């Protein structure tokens with residue numbers, strides 16, 4: 001390495017690590033750990049929408065100079081450059097500053113938060129050899145083809161590339177495929193390439209914690225840039241976008257971008273993190289100078305420029321200033337987001353564990369274990385069913401619902417009012433009185449005799465008017481029990497076994513159907529008792545005989561009929577609920593405690609244990625998610 005190059009490397013080392021000086025007052029070790037956590041969290045949750053991690057995402061057109069910019073930040077010409085589509089999949093690029101003099105590149109993936117290297121290449125620094133560059137390009141192409149195919153298609157699945165060097169800033173980027181306006185179908189690009197790329201860009205920059213690096217060729221009419229156009233769709237106020245203006249040296253001599261550097265632009269173009277000006281190496285310069293030497297060219301260009309050399313622009317020009325700003329923004333964003341991320345991870349773990357509880361453990365393979373597995377599910381179902389119906393304080397309070405149904409049932413009986421003028425006419429009562437006289441002369445008929453004649457009227461069936469409300473009450477309660485059955489099958493995870501679920505439901509419905517018939521017969525029997533024997537020794541009824549006052553004979557009979565009817569309602573409203581509870585609740589619980597176990601038969605056990613096709617996969621994914629979440633939580637709490 002020449003003395004000039006040595007000096008340039010030393011110069012780059014000093015400017016690329018500005019975040020480590022006393023002025024910024026950040027702890028380097030802690031910041032490196034924070035950035036490492038950011039990298040790991042991004043890898044863990046890169047395909048998950050539920051937890052957002054701050055990250056730097058690079059967006060720009062195919063000719064914006066994205067790859068040249070990243071090479072300048074790395075300090076080595078590692079990434080392929082060109083005007084054609086260079087990147088067809090997102091590239092997660094992690095720059096890791098080391099204490100050793102080793103410079104290397106690693107391709108790999110994260111498994112449960114742990115980096116797994118698939119390929120490693122030692123790099124010649126600062127000028128990597130053509131062979132090294134081709135090896136990296138071949139590896140990127142190889143992974144891209146596996147991900148997106150042989151044609152010029154694109155994919156949202158990222159490639160992971162790590163660069164280790166003592167002379168690079170601790171940063172991490174996701175470089176997205178370059179935006180284009182027209183599909184070059186003769187070069188193999190699909191007709192809808194424009195829409196596909198915009199879709200991927202939208203997917204990566206839509207999360208609110210993402211910091212967008214808008215790479216754009218420097219121009220005075222920056223509002224016409226296609227990258228800024230799509231970015232504004234997702235960050236309309238520019239609150240999380242950094243503008244990076246490349247190729248600033250190619251602008252007309254009498255033009256500049258100082259208005260952008262000072263944010264003196266339309267409010268629709270203003271960016272919270274401001275704009276930065278970068279000078280890329282030209283094609284000729286790239287053949288002559290490496291990336292480190294290119295930084296010196298950039299430095300000399302801005303130093304000699306009549307406008308950009310002014311002190312007020314120094315914080316917004318050059319790769320060094322950009323690296324400093326990116327590190328500060330990313331570290332601050334991650335630090336700020338970590339408390340919320342911890343909360344989101346803990347909430348996600350709770351949700352996952354609830355789902356795993358519903359899904360249950362995986363199906364055993366041994367025959368004896370299979371029987372025990374089904375037996376355990378049925379036992380839990382019966383215990384929970386009994387608990388919900390009999391004990392207080394349950395979230396699912398079907399017992400209270402049944403009580404409410406019975407209360408409404410009692411009230412409905414008193415609202416029947418069969419002896420009002422509308423339901424029982426004056427003429428009808430007079431006829432009943434006359435019929436009680438037979439062939440005797442008209443006289444005051446004994447009221448009890450008239451009452452018995454009316455109550456026993458087979459056409460009117462006054463007592464049996466209580467049957468329909470009683471039947472509805474039974475059906476309502478049965479409906480609640482069937483609903484409870486479905487809820488418990490879901491809550492206890494039995495629902496993942498469709499055949500066992502259906503068998504339990506069918507058996508429950510069958511038992512309730514049989515008990516419904518028995519209960520209704522018992523209710524009919526209760527009404528028969530009341531219909532076939534008129535009991536007039538009820539105290540309230542006897543008292544009503546003495547409170548008729550000065551009323552007509554019809555009024556007296558109507559009054560007595562109402563009083564007697566409500567005395568029967570009192571009996572029925574007491575005995576029918578007891579009958580319903582005895583058969584529909586108590587007998588039901590007793591029967592399912594034995595009948596459900598009859599489902600377990602040697603020839604049907606495998607059928608009962610058949611899961612939905614996706615359940616096993618979902619269970620595995622949830623376990624993996626929990627491993628990832630726990631790993632992330634441990635990593636975060638390790639430095640806080």
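Residue numbers (this note's numbering): 1 to 640. Yeah, the Cβ is synthetic: ideal placement off N, Cα and C, and Gly gets one too. Every value quoted in this text rests on a predicted model; they were computed, and no experiment measured them.
Item, Value
"Limits of the alpha helix (DSSP H) - the one that residue 369 falls within", "367-390"
"Rounded separation between residue 340 and residue 117 - CA only", "31 Å"
"Beta-carbon gap between residue 415 and residue 600 smaller than 8 Å", "no"
"Span separating the alpha-carbon of residue 125 from that of residue 102", "9 Å"
"Beta carbon of residue 409 nearer than 8 Å to that of residue 469", "yes"
"Extent of the continuous alpha helix (DSSP H) to which residue 627 belongs", "615-637"
"Residue(s) in a DSSP beta bridge with residue 116", "109"
"According to DSSP, residues forming a beta bridge with residue 217", "246"
"The alpha helix (DSSP H) enclosing residue 530, as first and last residue numbers", "498-532"
"Residue nearest to residue 73 in terms of C-alpha spacing, selected from 199, 175, 180, 157", "175"
"Span separating the alpha-carbon of residue 98 from that of residue 164", "6 Å"
"Residue 314, DSSP secondary structure in three states", "helix"
"Alpha carbon of residue 334 to alpha carbon of residue 633, nearest angstrom", "14 Å"
"Residue range of the unbroken alpha helix (DSSP H) whose run includes residue 201", "193-205"
"Assigned exposure category for residue 158 - 16 Cβ within 10 Å defines buried", "buried"
"Supposed contact pair residue 473 and residue 508 - C-beta distance, whole angstroms, cut 8 Å", "Incorrect: roughly 19 Å between the Cβ atoms, too far for contact."
"Spatial distance of residue 406 from residue 577 (CA atoms)", "6 Å"
"Those residues which DSSP pairs with residue 58 across a bridge", "175, 213"
"Proximity winner among 215, 457, 54, 635, relative to residue 208 (alpha-carbon distances)", "54"
"Through-space distance from residue 504 to residue 179, alpha-carbon basis", "57 Å"
"Whole-angstrom distance between residue 482 and residue 140, CA atom to CA atom", "58 Å"
"Residue 337 versus residue 324 - alpha carbon distance", "20 Å"
"Beta carbon of residue 646 nearer than 8 Å to that of residue 331", "Nothing about residue 646 can be reported from this structure: the residues present for the chain run from 1 to 640 only."
"Nearest-angstrom Cα separation, counted from residue 385 out to residue 354", "20 Å"
"Whole-angstrom distance between residue 527 and residue 463, CA atom to CA atom", "7 Å"
"Cβ pair residue 494, residue 381 closer than 8 Å", "yes"
"Reduced DSSP secondary structure (H/G/I, E/B, other) of residue 599", "helix"
"DSSP bridge partner residues for residue 97 (one or two, in chain order)", "165"
"Burial state of residue 23 (16 or more Cβ within 10 Å)", "Reliability of the predicted coordinates at residue 23 is poor, the pLDDT of 32 falling under 50, and the value obtained from them is presented with this limitation in mind. By the neighbour-count rule (16 or more Cβ atoms within 10 Å), residue 23 is not buried but exposed."
"Between the CA atoms of residue 147 and residue 591 - distance to the nearest angstrom", "58 Å"
"Buried or exposed by the 16-neighbour rule on C-beta atoms within 10 Å, applied to residue 279", "buried"
"Supposed close pair residue 155, residue 89 - CB separation, criterion 8 Å", "5 Å"
"8 Å contact criterion, which residue 515 and residue 588 should meet: CB distance rounded", "6 Å"
"Chain-order list of residues whose beta-carbon lies under 6 Å from that of residue 6 (same chain, five-residue window excluded)", "Here residue 6 scores only 43 on pLDDT, less than 50, and its place in the model is too uncertain to base an answer on."
"Straight-line Cα distance separating residue 488 from residue 476", "18 Å"
"Buried/exposed call for residue 525, threshold 16 Cβ in 10 Å", "exposed"
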